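Participant: Below you will find the structure I want to go over with you.
Protein chains in written order, with our numbering: chain B, 941 to 1392; chain H, 941 to 1392.
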């Protein structure tokens, strides 16, 4: 099925085509055929979106939600409308059937991120599970853009989940640190970005990845050490036009050629022969990418290119965004220390931030709260607990008590603080144990312990 | 001094600026100032080109000559108007003073390509010679796009001259084989382009380069083995916009992102720290690039970027084009075997091609030729002799005798055949001696014997 975005792009192309034929005074039957197709596409568009096609106005442009790799925002306090996003991006919802299947195939209770819809959307995950059931290996690919030393709890979401996937499926994992991307987009030197890559790698390693099954790489280092990786980058670059990245990423003529060609570098790790040291040159090992939904444009492009260069399309698991303390309207900002809990925060900082900055869904006075109850759907403390509190029953009880008014905002915040403090302290303890030598080990291209 | 092209680009920008101010209903004094600058630029443009500025019409667009990395053509039988090209590109003519200086600094008689204006244009060569005179090393950089196994004599021109420069200045040389470029532009596989790179390297090595001072590299291999090379590529890519490459190379929105970002890869070898194994990380070793003038757009871009990323601008030596046997209106085509003398041609093939296909400036009958004489300026056999006959006096005598009619076309062709046959046979002999082991040696990143 074509996604709304693909339909829109097809319409744009067809409109240009009709104009070109008219300008060239082409044969009338040819023009009529082109116009007819245009009309048909417009009808389809209206059917799917409920709105008329407007030239130059991509679907969702009028919506309140903006979601791309560089901007995420919404005016809705509950956060982005993820159901709409699934329609717009043309992905599939992670339904109970899929969660049950993951449980059956892995033999493990699904991770809370799956149970609670934090990973809510996917592409082709059933195919990866089909292969796995036939004793075929697949591999995981995720990544991080190292734009500063400071990482916050939200940055850990894909890694916590990926670590779980690695454990239950016992499969190899590659983690891309896009230091080249950060250099291209930010006012930073190459050396700074490369340094942040190594520092961030320590936080990632602290999540508990198995060094025997995990390869972490800086783009700057790996591009300059792998002929096969660069070959795949060039292959992808040959099969994507500026028009396409303009449509997908919104690039303009005044963007650098580095930005314009970068998507190929984020695409390349989706293909197993980018890592000959791991997959011994095999081109057909399926790839599963857990990532936040804002990264999907990169992989829509990747999946479009894959069959044209003879590779399998990567499968995806999309997560929702981790809300800022101030509310779910936007992603957190690494540059605003009060917008989130950082991995370096002290117990006191955690307590103060939650108490002072966490947006509350409670009522203004205790009396009112007891009477009318709070709204957990817009309460950031409650949202954070859905990410980090393991016990489903306890979470459900908190939700009910907060909704009824039995649980006060201060009490809810206290539960969150007591959940975050030991979690962050444990992370800090584990990170301390990550030596430069260990980072080097994880980041050295080498064979992994893989069972094909 | 600004080149005509730079002036034109400045005008285009200023015109957009004026329009933007008017649209935004900006302050009147601001608009007036912008309009005034626009008028001044228009006057400058008219003064330099003798023509009115027309929006969207780059200088030379109305000329008969097309010269860019992918197209060279002219309707003039004498070939491209190189004097006009110098004005259009904003380069400098190689005058007697520069040729004399090369002789003085190198202590050697200038190569026939310099004596005869085959290398006719340059950028900043005086600066490289200044540095050399102060005992500062510089290095040479040239390249080849390996699109097939077949190379013709014209392909050797930059290499013959570069070999001479390496000998007389005793300096290191890097040769880029742009196999990635050929993959991006042609209907070829990566493997084919990479294979052609190694095959073409054999013909290049047969020109006599010193393995101790020469590094030949395939982009596909070197990008994947040098962190420093990729770092420079990314630095360049960050500082060049799509608008710029559109203006310089004529790329369009439907070009692949690989093509759009490739110019950075041809630019990177202009900076010495792209080769840390040779220059030990130094960023300031000056670079001199001998190449055909159609490659100049790449290096105009490189020279524009260089100061913004803290590197010296490369100097250039530009050659004219080697004419096709059919005439100087176009470059030779590797796909038409009769358009040139190939490096694999037998003595008989050489004889037949010259006799049957070399465009003649002679008269139709012996009687007329004896009476009116021939025109060496449009005679391809004579042009070829200016490239390959070493003896200046003999060449001048041939010119005079052909012009007077004393020398017949058949006789002129015979001289060319007798010049080419032993030259090509010698090349074939030398190429036979180039083993795969030698190619590997030349193409291995390693320190060179360099005197700093």
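Every residue gets a Cβ at the ideal spot worked out from N, C-alpha and C, and that includes glycine. Owing to the predicted nature of the structure, the values given are computational and were not obtained by experimental measurement.
(1) Quick one: give me the first and last residue of the alpha helix (DSSP H) that residue 1240/B is part of.
(2) Expressed to the nearest angstrom, what Euclidean distance is found between the alpha-carbon atoms of residue 1017/H and residue 1095/H?
(3) Hey, could you find the ends of the alpha helix (DSSP H) residue 1360/H is sitting in?
(4) So does the region 1168–1178 of chain H actually touch the region 1209–1221 of chain H, counting three or more Cβ pairs closer than 8 Å?
(5) Report the start-end ranges of each beta strand (DSSP E) in the region 985–1038 of chain B that is 3 residues or longer and not cut off at the edges.
(6) Measuring CB atoms only, is the region 1258–1270 of chain B touching the region 1011–1030 of chain B, in the sense that at least three cross pairs come out at less than 8 Å?
(7) Going along the chain, which residues of its own chain have a beta-carbon closer than 8 Å to the beta-carbon of residue 1068/B, five neighbours each way excluded?
(8) Answer yes if the region 1107–1116 of chain H comes into contact with the region 1149–1162 of chain H, meaning at least three C-beta pairs across the two stretches below 8 Å, and no otherwise.
(9) Between the Cα of residue 1400/H and those of 1146/H, 1294/H, 1326/H, spot the shortest distance and give me the residue it belongs to.
(10) Along the beta strand (DSSP E) that carries residue 1092/H, what are the first and last residues, could you check?
(11) As an exercise, report each continuous alpha helix (DSSP H) stretch of at least 4 residues that is fully enclosed by the region 1075–1144 of chain H, in chain order.
(12) Under the three-state reduction of DSSP, which class applies to residue 1066/B: helix, strand or coil?
(13) For residue 1227/B, which residues does DSSP report across the bridge?
(14) Pull up the CB-CB distance for residue 1297/H and residue 1278/H, whole angstroms please, since I reckon it's below 8 Å.
(15) Return helix, strand or coil for residue 1301/B, following the three-state DSSP convention.
(16) Note down, in chain order, every chain H residue with its Cβ under 7 Å from the Cβ of residue 1114/B.
(17) Please classify residue 1280/H: is it buried, with 16 or more other beta-carbons within 10 angstroms of its beta-carbon, or exposed?
(18) Taking residue 1163/B and residue 1163/H to be in contact with their CB atoms under 8 Å, please state how far apart those CB atoms are, rounded to whole angstroms.
(19) Go to residue 1312/B, then tell me how far its alpha helix (DSSP H) extends in each direction, as first and last residue.
(20) Considering only the alpha carbon of each residue, which of 1240/H, 1032/H, 1328/H lies closest to residue 1189/H?
(21) Would a C-beta distance cut-off of 9 Å place residue 1347/B and residue 1357/B closer than the cut-off?
(22) At what residues does the alpha helix (DSSP H) containing residue 1322/H begin and finish?
(23) Using a beta-carbon distance below 9 Å, is residue 1014/H in contact with chain B?
(24) Helix, strand or coil: which one does DSSP assign to residue 1261/H?
(25) At a CB distance below 9 Å, what residues from the region 1170–1185 of chain H approach chain B? Give them in sequence order.
(26) Counting along the chain, where does the beta strand (DSSP E) carrying residue 1154/H start and finish?
(27) Given residue 960/H, which residues of its chain have a CB within under 7 Å of its CB, disregarding the five upstream and five downstream residues?
(28) Starting from residue 1241/B, find everything on chain H with Cβ-Cβ shorter than 8 Å and list it in chain order.
(29) Taking just the CA atoms, how far does residue 1088/B sit from residue 1283/B?
(30) By Cβ distance below 8 Å, which residues in the same chain neighbour residue 1144/B in space, the five residues on each side in sequence not counted?
(31) Please report the residue range of the alpha helix (DSSP H) in which residue 1332/H lies.
(32) Taking a contact to mean a Cβ-Cβ separation below 9 Å, would you say residue 1013/B touches residue 1236/B in this structure?
(33) For the alpha helix (DSSP H) that residue 1376/B lies in, which residues bound it at each end?
(34) Got a sec: is the Cβ-Cβ distance from residue 1335/B to anything in chain H below 9 Å?
(35) How would you call residue 1306/H, buried or exposed, if buried means at least 16 neighbouring beta carbons within 10 angstroms?
(36) Taking the straight line between their C-alpha atoms, what separation do you get for residue 1389/B and residue 1191/B?
Facilitator: According to the structure data:
(1) 1236–1245
(2) 21 Å
(3) 1349–1372
(4) yes
(5) 1006–1008, 1011–1013
(6) yes
(7) 1078, 1226, 1228, 1255
(8) yes
(9) The displayed coordinates of chain H run from 941 to 1392. Any statement about residue 1400/H would go beyond what the structure contains.
(10) Element bounds for residue 1092/H: n/a, residue is neither H nor E.
(11) 1093–1109, 1119–1125
(12) helix
(13) 1079/B
(14) 5 Å
(15) coil
(16) Ordered by position in chain H, no residue passes the 7 Å Cβ test against residue 1114/B, which lies about 17 Å from the chain.
(17) buried
(18) 7 Å
(19) 1306–1312
(20) 1240/H
(21) no
(22) 1320–1328
(23) no
(24) coil
(25) 1170, 1171, 1173, 1174, 1175, 1176, 1177, 1178, 1179, 1180, 1181, 1182, 1183, 1184, 1185
(26) 1154–1158
(27) none
(28) Under the 8 Å cutoff, chain H gives no residues; its nearest Cβ is about 10 Å from residue 1241/B.
(29) 13 Å
(30) 1084, 1099, 1115, 1156
(31) 1332–1344
(32) no
(33) 1376–1382
(34) no
(35) exposed
(36) 40 Å
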